[in-house]
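Going down the list, the sequences are from chains A and B.
Just so you know, we're using the numbering used here here: the first sequence kicks off at 240 and counts up by one.
Just so you know, we're using the numbering used here here: the second sequence kicks off at 16 and counts up by one.
The C-beta atom is built at its ideal place from N, Cα and C for all residues, glycine as well.
Quick caveat, the model's predicted, so the values are computed rather than measured.
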Amino acid sequence: MAELITMLALSPTMDEGTLVEWLKNEGDSVEEGEIIAEIETDKATMEMESFHEGTVLKLLAQKGDAIPVGAPLAIIGEAGEDISDVMAEVENGGGSSAPAPTNGASEPATPAPVQAAPAPTPEAAAPSKPKRADGRVVASPVAKRIASDNGLDIAQIDGSGPGGRIIKRDVEEALKSGGAVARPAFTQSFESVADQEIPLSQMRKTIAKRLTQVWNSTPHFYLTANFDMGKAMSFRKQLNEQLAEAEAGVKVSVNDMIVKASAMAMTRYPKINVSFQGDHLLQHGESHVGVAVAIDGGLITPIVRNADRKTLSQISTEIRELAGRARDKKLKPEEYTGGGFSISNLGMFGIDHFSAIINPPEAAILACGAVQKEPVVDENGELAVGTRMKVTLSCDHRAVDGAVGAEFLIELRRLLENPFLLVV
Amino acid sequence: MRKILFRDALNEAMSEEMERDPDVFLMGEEVAEYNGAYKCSVGMLDRFGPKRVIDTPIAELGFAGIGIGAAMVGMKPIVEMMTFNFAILALDQVMNTAAKMRYMSGGQLSCPVVIRGAGGAGGHLGAQHSQSLEAQYVHCPGLKVMMPATPYDAKGMLKTAIRDPDPVIFIESEILYGSEGEVPEEEYTIPMGVADVKREGADCTIITWSRMVHFSLDAAAELAEQGIDVEVVDLRTLRPLDKEAIRKSVKKTNRVVVVEEGWYWASVGSTVADFISRDLFDHLDAPVGRVHQRDIPMPYAYNLEPLSLPNKDNIVEAVKRACYVD
Chain A
240 MAELITMLAL SPTMDEGTLV EWLKNEGDSV EEGEIIAEIE TDKATMEMES
290 FHEGTVLKLL AQKGDAIPVG APLAIIGEAG EDISDVMAEV ENGGGSSAPA
340 PTNGASEPAT PAPVQAAPAP TPEAAAPSKP KRADGRVVAS PVAKRIASDN
390 GLDIAQIDGS GPGGRIIKRD VEEALKSGGA VARPAFTQSF ESVADQEIPL
440 SQMRKTIAKR LTQVWNSTPH FYLTANFDMG KAMSFRKQLN EQLAEAEAGV
490 KVSVNDMIVK ASAMAMTRYP KINVSFQGDH LLQHGESHVG VAVAIDGGLI
540 TPIVRNADRK TLSQISTEIR ELAGRARDKK LKPEEYTGGG FSISNLGMFG
590 IDHFSAIINP PEAAILACGA VQKEPVVDEN GELAVGTRMK VTLSCDHRAV
640 DGAVGAEFLI ELRRLLENPF LLVV
Chain B
16 MRKILFRDAL NEAMSEEMER DPDVFLMGEE VAEYNGAYKC SVGMLDRFGP
66 KRVIDTPIAE LGFAGIGIGA AMVGMKPIVE MMTFNFAILA LDQVMNTAAK
116 MRYMSGGQLS CPVVIRGAGG AGGHLGAQHS QSLEAQYVHC PGLKVMMPAT
166 PYDAKGMLKT AIRDPDPVIF IESEILYGSE GEVPEEEYTI PMGVADVKRE
216 GADCTIITWS RMVHFSLDAA AELAEQGIDV EVVDLRTLRP LDKEAIRKSV
266 KKTNRVVVVE EGWYWASVGS TVADFISRDL FDHLDAPVGR VHQRDIPMPY
316 AYNLEPLSLP NKDNIVEAVK RACYVD
């Protein structure tokens with residue numbers, strides 16, 4: 240009996256998946272558990288395995304198609320088997336109520352969410368300059384400086400030097416020729432550039448849907464504090480010097496310290512480590528901390544599990560490894576779900592402070608600004624130079640009250656302002 | 016203004032300083048009776064007598080040591096090396112004694128000696144007598160190094176060198192002794208550590224010294240005909256280096272070629288290029304260009320010597336490369 244293979248929910252939050260590649264062709268035999276396709280979900284590119292064995296009789300989707308969960312993908316059965324019954328089921332919207340996104344689908348109730356022609360990619364449409372194979376923009380130092388001083392995007396300038404190096408002359412000519420290559424923020428463009436539609440990636444769709452949902456359903460409140468990071472920075476410097484001397488291959492970042500401190504504070508103040516579940520609160524037993532990682536086309540929050548029990552160098556190594564795979568879209572679902580708390584750090588962009596939207600089902604997220612030198616009044620009432628970091632804790636008021644959030648921040652402050660506590 | 020020869024400018028500098036200061040004296044091979052191997056001390060024996068213009072044996076280490084010892088007890092000797100090729104024999108006295116006395120005595124001793132003589136290629140003199148050895152001295156803390164390119168600079172710089180409280184290595188391009196230039200009658204000096212822009216330009220800086228200043232000016236003239244406006248900076252003093260002059264010029268032109276007569280490896284030019292690439296990184300439009308002698312002993316063959324030395328053509332070529340002109 241021929242079986243209809245449908246799109247599986249390969250991530251906890253996916254509604255549809257994009258077919259990246261068929262690993263089987265029509266006529267190929269398939270074992271149970273064998274990988275038949277690669278599917279791009281909202282979070283990662285996943286391998287989809289077959290629950291059936293037999294021969295691939297029909298592929299119902301094409302590379303690049305976006306296929307709703309439950310919609311038909313392929314038919315597997317015995318070689319030579321009659322599949323007209325199954326095809327009829329497909330044509331009647333089989334597998335799920337969603338219309339089948341295939342050419343074989345007849346008159347679906349709503350247009351299938353697939354474009355027949357390959358979607359134009361931003362790369363193809365944008366007027367980008369040819370780059371070197373390794374993606375580097377090669378420019379002389381003074382060319383870079385002049386471009387930067389004048390707000391020009393140097394990547395948009397043609398290089399006339401050896402190997403296409405962008406030299407001073409090229410930047411000066413670009414400046415003379417007006418705003419065509421200038422960033423719109425700085426100079427006016429006189430050439431009209433047509434608007435274009437950029438198709439949403441699975442990730443962008445999920446971000447849009449989930450954050451709208453969270454924003455509409457979760458009453459956020461915000462607590463901002465200014466931490467003294469002087470000791471933490473000198474502690475980190477010492478630590479990294481010693482790690483370098485020991486050739487440990489690890490360098491602890493400020494963020495690694497915040498992750499560790501947050502997990503320790505969660506353990507001490509578990510009231511922050513909860514999820515609002517409609518009719519009850521779920522108290523998490525362990526301290527798992529999500530770290531927001533910007534990746535191409537969006538962001539993802541891999542989880543450092545039991546971060547309170549891990550050393551700073553373990554946390555550092557783990558985050559680097561997770562972030563690397565996140566950028567390659569190779570994270571497994573269990574690596575980015577199940578956190579109790581998240582951290583979003585924009586310090587490296589020089590952001591003073593900001594507020595983040597909670598990553599459900601967590602009840603709080605910490606937004607960290609840059610560690611910077613600023614004038615402070617010291618304990619003697621004198622003006623001095625301090626090292627400070629502003630953090631803003633966003634809390635789900637259904638689950639957490641102001642005092643709970645504040646207590647958590649007090650503990651977090653104690654740990655980061657006395658950084659040796661992070662290693663005892 | 017009157018014009019005099021480079022060697023006569025040196026003679027005037029030494030004679031004027033000997034008139035001015037009774038502690039100044041001249042010693043070296045053939046400086047007295049023969050009036051100097053390159054005729055820099057013509058008439059000085061007659062004028063100052065054998066106690067202040069002293070012929071030495073052919074023993075560079077020995078008479079360098081005598082001069083340096085005299086300096087340590089308060090005299091102001093000018094020690095002439097017939098050429099700096101022979102001064103290699105005196106390196107122990109120069110590097111181990113002269114350069115280090117102020118430091119090792121905690122400032123109790125100084126060593127105001129000038130060690131001067133001919134350097135560089137002189138034409139058909141062979142590998143052992145054609146060397147540009149300034150890098151040897153510039154390398155060593157405790158020594159100051161001056162290399163004039165014109166009679167005017169030669170006189171003003173040598174007077175400064177003689178008055179300086181520390182050992183100064185003063186290298187004169189052998190080929191320039193007979194060159195002529197304007198030198199005023201009146202007293203002047205040229206300060207230690209100050210470069211001179213020998214030609215102003217906007218497109219590319221040539222940094223150079225000594226004989227190569229003239230090669231560079233010739234190249235700049237040819238480049239001007241091709242529309243490339245070159246600035247020629249004559250370092251004059253190699254140590255201490257006039258970093259401000261280099262900064263000022265490179266910030267203006269964004270392109271730089273260092274031209275030196277000597278070999279390129281671990282040389283004055285390589286140190287200048289190193290300084291520029293680190294200090295002026297954001298001002299560079301092209302890698303720092305270099306022109307130098309070929310990395311071989313100087314050929315004796317007359318036709319090969321100019322091919323081994325930098326010349327106008329390869330300076331022109333290097334500047335055009337830095338300016339991205341084919």
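| Check | Outcome |
| --- | --- |
| Thinking C-beta only, is residue 330 of chain B closer than 9 Å to residue 272 of chain B? | yes |
| I need the straight-line Cα distance from residue 477 of chain A to residue 468 of chain A, nearest angstrom please. | 14 Å |
| Taking the alpha-carbon positions, what's the residue 517 of chain A to residue 640 of chain A distance? | 16 Å |
| In whole angstroms, what separates the C-alpha of residue 286 of chain B from that of residue 293 of chain B? | 11 Å |
| Per DSSP, which residues does residue 459 of chain A bridge with? Please list them. | A:635 |
| In angstroms with no decimal places, state the Cα-to-Cα distance between residue 199 of chain B and residue 17 of chain B. | 7 Å |
| Determine the chain B residues that contact residue 400 of chain A at a beta-carbon separation under 8 Å, and present them in chain order. | 301, 339 |
| Between residue 384 of chain A and chain B, is there a C-beta pair that is closer than 9 Å? | yes |
| Got a sec, what are the start and stop residues for the beta strand (DSSP E) residue 290 of chain A sits in? | Residue 290 of chain A -> no beta strand (DSSP E), and no H or E assigned at all. |
| Straight-line CA distance for residue 37 of chain B to residue 125 of chain B? | 18 Å |
| Can you check DSSP and say which residues form a bridge with residue 92 of chain B? | B:40 |
| Would you check if the distance between the CB atom of residue 519 of chain A and the CB atom of residue 512 of chain A is smaller than 9 Å? | no |
| What does residue 269 of chain B touch in chain A if you count any residue whose Cβ is under 7 Å from its own? | 381, 407 |
| Where does residue 659 of chain A land, buried or exposed, given buried means 16+ other C-beta within 10 angstroms? | exposed |
| At which residues does the beta strand (DSSP E) containing residue 161 of chain B begin and terminate? | 159-161 |
| Where residue 532 of chain A and residue 554 of chain A are concerned, what is the direct C-alpha to C-alpha distance, given to the nearest angstrom? | 15 Å |
| What distance in whole Å lies between the Cβ atoms of residue 289 of chain A and residue 306 of chain A, which are believed to be in contact at a cut-off of 8 Å? | About 16 Å separates the two Cβ atoms, so there is no contact after all. |
| What do you reckon, are the CB atoms on residue 83 of chain B and residue 71 of chain B nearer than 9 Å? | no |
| Give the DSSP bridge partners of residue 305 of chain B, in chain order. | B:273 |
| Counting C-beta neighbours from all protein chains within 10 Å, is the total for residue 541 of chain A 16 or more, i.e. buried, or is it exposed? | buried |
| Please name the residues in the segment 136-154 of chain B whose beta-carbon is closer than 9 Å to at least one beta-carbon of chain A, in chain order. | none |
| Helix or strand or just coil, what does DSSP make of residue 136 of chain B? | coil |
| Over what stretch of residues does the alpha helix (DSSP H) that includes residue 228 of chain B continue unbroken? | 226-240 |
| With 16 as the cutoff for other CB atoms within 10 Å, does residue 649 of chain A come out buried or exposed? | exposed |
| I'd like the span of the beta strand (DSSP E) that includes residue 662 of chain A, first residue to last. | Note, residue 662 of chain A: premise wrong, no beta strand (DSSP E); not H, not E. |
| Name the chain A residues that come within less than 9 Å of residue 229 of chain B, Cβ to Cβ? | What residue 229 of chain B touches in chain A: nothing, since even the nearest Cβ is about 29 Å away. |
| Where does the unbroken alpha helix (DSSP H) through residue 61 of chain B begin, and where does it stop? | 59-63 |
| Do you know how far the Cα of residue 226 of chain B is from the Cα of residue 290 of chain B? | 22 Å |
| For the candidate residues A:464, A:443, A:279, whose alpha-carbon lies nearest to that of residue 248 of chain A? | A:279 |
| What's the gap between the Cα of residue 236 of chain B and the Cα of residue 611 of chain A? | 53 Å |
| Out of curiosity, what's the CA-to-CA distance linking residue 240 of chain B and residue 149 of chain B? | 33 Å |
| Taking 9 Å as the CB-CB limit, is residue 296 of chain B close to chain A? | yes |
| Let's test the definition: count the other Cβ atoms within 10 Å of the Cβ of residue 356 of chain A and tell me whether it reaches 16, buried, or not, exposed. | Here the model assigns residue 356 of chain A a pLDDT of 39, short of 50, so the residue's position is not dependable, and the following value carries that caveat. By the 10 Å Cβ count, residue 356 of chain A comes out exposed. |
| With burial defined as no fewer than 16 other Cβ atoms inside 10 Å of the residue's Cβ, what is the status of residue 647 of chain A: buried or exposed? | buried |
| Rounded C-beta distance between residue 172 of chain B and residue 251 of chain B? I'm assuming under 8 Å. | 6 Å |
| Is residue 166 of chain B helix, strand or coil by DSSP? | helix |
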